[in-house]
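Report on one structure; see the data block that follows.
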Amino acid sequence: MPDWIPRALFAALGVAVVGTAGSALGWLFGRTGVGAVLASALAAAWLMAVQLRPAYRLMAWLRSPEGTPIPPTLTGPWADMAVRIERVRRAQADAIEREQRRLTQFLAAIEASPNGVRLLDAAEQIAWMNPTAAEHFGLNPASDLGQHVTHLLRM
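Once you know that position 23 of the sequence shown is 27 in this note's numbering, the rest is easy, because the numbers rise by one and skip nothing.
Structure below.
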């Protein structure tokens, strides 16, 4: 059984006890129902505030820089969520690193190609070229990157 279930049951019992105490106080003033409702509402508001603290801690951790350790003050389901989120973050970082390595290997292979290769972006601007392409098309890699491909046709 998860460790937070007994705490949730204890909290519910606390609300019931506070409601009963409020009912007893209300009985003294002739308003039993109002006292019970008011006390239970206050107890529930207090419990919500208690639960919001770890939620805010979790949000602060999520906004922190990558690699920040999970706050030790997170417990119960909040700690479970943080651990699961951390696993997803790590998996995403690993996937990005893997793809970066593949891209670097791919670009190194194209760089060494005896064929001239230019990569264009969605706007048909030169995003990358290998030295052979620069030589074949008479392009200057330093100044022609980012230029629209149709502006660089030289005859």
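The beta-carbon is built from N, C-alpha and C at its ideal position, and this holds for glycine as well.
These numbers were taken from a predicted model, which means no experiment stands behind them.
Beta-carbon separation (whole angstroms), residue i vs residue j, contact threshold 8 Å
i      : j      : result
Ala59  : Gly18  : With a Cβ gap of about 19 Å, Ala59 and Gly18 do not count as contacting.
His152 : Gly120 : The pair is not a contact, with the Cβ atoms about 18 Å apart (cut-off 8 Å).
Leu123 : Ala116 : Their Cβ separation, rounded to whole angstroms, is 15 Å, which puts Leu123 and Ala116 out of contact at 8 Å.
Arg11  : Gly80  : 7 Å
Ala40  : Ser27  : 4 Å
Ile100 : Glu90  : Not quite, the Cβ-Cβ distance comes to about 16 Å (not below 8 Å), so this is no contact.
Nearest to residue i (by Cα), restricted to the options the options
i      : options                          : result
Thr24  : Leu42, Arg105 and Leu62          : Leu42
Thr77  : Pro10, Ala49, Thr136 and Trp65   : Trp65
His155 : Gln129, Ala20, Thr79 and His140  : Gln129
Asn134 : Arg102, Leu111, Phe14 and Ala45  : Leu111
Ile114 : Ala126, Ala127, Val92 and Ala137 : Ala137
Arg67  : Ala49, Arg93, Gln55 and Val54    : Arg93
Ala83  : Arg57, Phe33 and Leu32           : Arg57
Residue i, DSSP secondary structure in three states
i      : result
Gln109 : helix
Gln55  : helix
Gln104 : helix
Gln129 : strand
Leu42  : helix
Leu17  : helix
Arg122 : strand
Pro69  : coil
Ala83  : helix
Arg35  : coil
Leu143 : coil
Residue i and residue j closer than 9 Å at C-beta
i     : j     : result
Met85 : Leu51 : no
Glu70 : Ala95 : no
Val22 : Gly30 : no
Residues that DSSP places opposite residue i in a beta bridge
i      : result
Gly152 : Note on identity: in this sequence residue 152 is His, with Gly being the wrong assignment. The partner list for His152 (beta bridge, DSSP) reads Gln129.
Leu78  : None, per the DSSP bridge assignment.
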